[in-house]
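Here the structure comes first, spelled out in structure tokens, and everything after it is commentary.
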Amino acid sequence: LPYGNFWNNWPSTTTPQPVTQPQPQSQPNPQPQTKPTRKFRCGDEPGSYCGIYPPKQTTVSLTQKRLFSHSKMVANKYKLAIIGSGNWGSAIARIAGMNVQRYPELFEEQVNMYVYEEQVDGKPLTEIINKQHENVKYLPGITLPDNIVAVNDVVKAASGADLLIFVLPHQFIPGICTQLRGKVSKNARALSMIKGVEVKDSNIRIFADVIEEILGCKTMALSGANIANEVAQDKFSETTIGYREGDLESAEIFHKVFDRPTFKVGMIEDVAGVSLCGALKNVVAIGAGFCDGLEWGSNAKAAIMRIGLMEMKNFSEEFFEGVKAETFTETSAGIADLITTCFGGRNRKCAEAFVKTGKSFDVLEKELLNGQKLQGSETAREVYQFLAARGKVDDFPLFKAVYNISFEGGVAQDLASKL
Ligand SMILES: NC(=O)C1=CN([C@@H]2O[C@H](COP(=O)(O)OP(=O)(O)OC[C@H]3O[C@@H](n4cnc5c(N)ncnc54)[C@H](O)[C@@H]3O)[C@@H](O)[C@H]2O)C=CC1
Ligand SMILES: O=C(CO)COP(=O)(O)O
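Just so you know, the working numbering puts 1357 at position 12 of the sequence shown, and the rest follows in order with no gaps.
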């Protein structure tokens, strides 16, 4: 693997490694040190830094020192709770459940997983999960580790947790966080895996900010090219943690929760960029699905993806501060997730069916997804409403066209002429 050098070099033992500082070479005419023009370089020469992951030696020593001297660590172990149990929620619970067993010195073994209770074949889903260790509705055929415990009360599920992972369809987050308000320690750290945005009139927020504001605990984001069924089968993929300015320490703890040989976790100091990539690529995937429904072929889909990437980046840079261009072009959360979703995701699938059947997205979600939720059509509506409130709709012709075709009766065949 060409990038194997810098994804992750976590040690297999907990023994701190000595840091070897590179010795300066004596040169007859030393040149003044020039800063690289790019903030991040990609390559696997020693010391290279792809922007996704810091170089090996620094990371190993820093991480070990910080994690193992952290006051929480000395007193007791991190307790993890997963808030959500859909297709991705269950896949990520499997990963986290295996990793907390891999690092028993760091984490408490039991991981509560909040399950929105429903009856499946006459039995509560929580009961089925706890007996069979399988989420038969949202991730059938995959065994969950037996330290994952399904809990149907979100406050009980989160009780005592130091690390909270939010992985629910975005429309349910405000309700869930309101139930949790005041019930979660402000010292807990949270991570949002939600691919969506919150829009209220001319205001827009990423869900890491929504969660942080309601619960009062530091929240970062994880997003990537992660079709849940593939991750659950241990097919290789990458993902990206976007962390707050200066908070690499928290990111490193979550890195321990998720990183595995087949699930490589990169990190970048850009919580907004990572979150917005995850939300906006779903709108582009609706456009890609329209292309498939129209049987326009690969060139057309590539064009939608190219234009979509530009709109994702322009939108994020215009309305959010500190977003990094390289999040879009160099991380799994950016270009890689756009590609996988436009080829293999639920949004693409339903948008293809939208064109072929003429049914609405609400109907198709029910008919095709068996309880799973579409995020892209709702995000298209929310982004359009936000842009309309800001008077900026015409600056984003793809987002505008996806909304028009999805909700205003626009003709899918006119997609290209609208761009
Ligand atoms: N499935 C995938 O491949 C991936 C999904 N994501 C993102 O992860 C987030 C969660 O998606 P999934 O886990 O796939 O969910 P899902 O779409 O598979 O499942 C829907 C979930 O919502 C729950 N639910 C239904 N009504 C509810 C209510 N009123 N309150 C609370 N929960 C309710 C259901 O019980 C179920 O767990 C989304 O933002 C999605 O975009 C991210 C990466 C991959
Ligand atoms: O986010 C995803 C893959 O990274 C899944 O996308 P869909 O919701 O379109 O299936």
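From the three backbone atoms N, C-alpha and C, an ideal C-beta is built for every residue, glycine too.
Just so we're clear, the structure is a prediction, and the values are computed from it rather than from any experiment.
Just list the residues that DSSP pairs residue i with in beta bridges.
i: residue 1748; result: For residue 1748, which the question treats as bridged, DSSP gives no partner whatsoever.
i: residue 1508; result: 1425, 1534
i: residue 1469; result: 1464
i: residue 1542; result: 1551
I'd like the span of the alpha helix (DSSP H) that includes residue i, first residue to last.
i: residue 1658; result: 1643-1664
i: residue 1459; result: From DSSP, residue 1459 is part of no alpha helix (DSSP H) but of the beta strand (DSSP E) over 1456-1459.
i: residue 1626; result: 1616-1639
i: residue 1697; result: 1691-1702
When burial is assigned at 16 or more other CB atoms within 10 Å of the CB, is residue i buried or exposed?
i: residue 1761; result: exposed
i: residue 1691; result: buried
i: residue 1564; result: buried
i: residue 1331; result: With the chain running from 1346 to 1764 in the structure shown, residue 1331 is simply not present.
i: residue 1673; result: buried
i: residue 1444; result: buried
i: residue 1655; result: exposed
i: residue 1615; result: buried
i: residue 1675; result: buried
i: residue 1531; result: exposed
i: residue 1477; result: exposed
i: residue 1581; result: exposed
i: residue 1703; result: exposed
Taking the continuous beta strand (DSSP E) assigned at residue i, which residues delimit it?
i: residue 1767; result: This structure cannot speak to residue 1767, because the chain is shown only from 1346 to 1764.
i: residue 1609; result: 1608-1613
i: residue 1550; result: 1548-1551
i: residue 1495; result: 1493-1496
i: residue 1583; result: 1582-1587
To the nearest angstrom, how far is it from the Cα of residue i to the Cα of residue j?
i: residue 1758; j: residue 1590; result: 44 Å
i: residue 1555; j: residue 1645; result: 36 Å
i: residue 1604; j: residue 1618; result: 21 Å
i: residue 1468; j: residue 1479; result: 14 Å
i: residue 1741; j: residue 1747; result: 10 Å
i: residue 1442; j: residue 1547; result: 40 Å
i: residue 1572; j: residue 1538; result: 13 Å
i: residue 1629; j: residue 1447; result: 38 Å
i: residue 1623; j: residue 1541; result: 7 Å
i: residue 1736; j: residue 1544; result: 15 Å
i: residue 1627; j: residue 1685; result: 11 Å
i: residue 1536; j: residue 1462; result: 23 Å
i: residue 1663; j: residue 1534; result: 28 Å
i: residue 1602; j: residue 1568; result: 14 Å
i: residue 1743; j: residue 1434; result: 30 Å
i: residue 1706; j: residue 1751; result: 8 Å
i: residue 1613; j: residue 1473; result: 38 Å
Closest Cβ-Cβ distance between residue i and chain B: below 8 Å?
i: residue 1452; result: The chain labelled as chain B is not found in the depicted structure, where only one protein chain is given.
Three-pair Cβ contact test at 8 Å for the segment 1492-1501 versus the segment 1579-1594 = No contact exists between the segment 1492-1501 and the segment 1579-1594.
So, does the segment 1512-1523 touch the segment 1697-1716, judging by three or more C-beta pairs under 8 Å?
By the criterion of at least three beta-carbon pairs nearer than 8 Å, the segment 1512-1523 is not in contact with the segment 1697-1716.
Measuring CB atoms only, is the segment 1662-1671 touching the segment 1572-1582, in the sense that at least three cross pairs come out at less than 8 Å? As far as the Cβ criterion goes, the segment 1662-1671 does not touch the segment 1572-1582, which means the pair count is below three.
The segment 1721-1732 contacting the segment 1481-1495, beta-carbon criterion three pairs below 8 Å:
The segment 1481-1495 and the segment 1721-1732 do not touch, with fewer than three beta-carbon pairs separated by less than 8 Å.
Cβ contact check for the segment 1635-1653 and the segment 1520-1529: 3 or more pairs under 8 Å: At 8 Å Cβ cutoff, the stretches do not touch.
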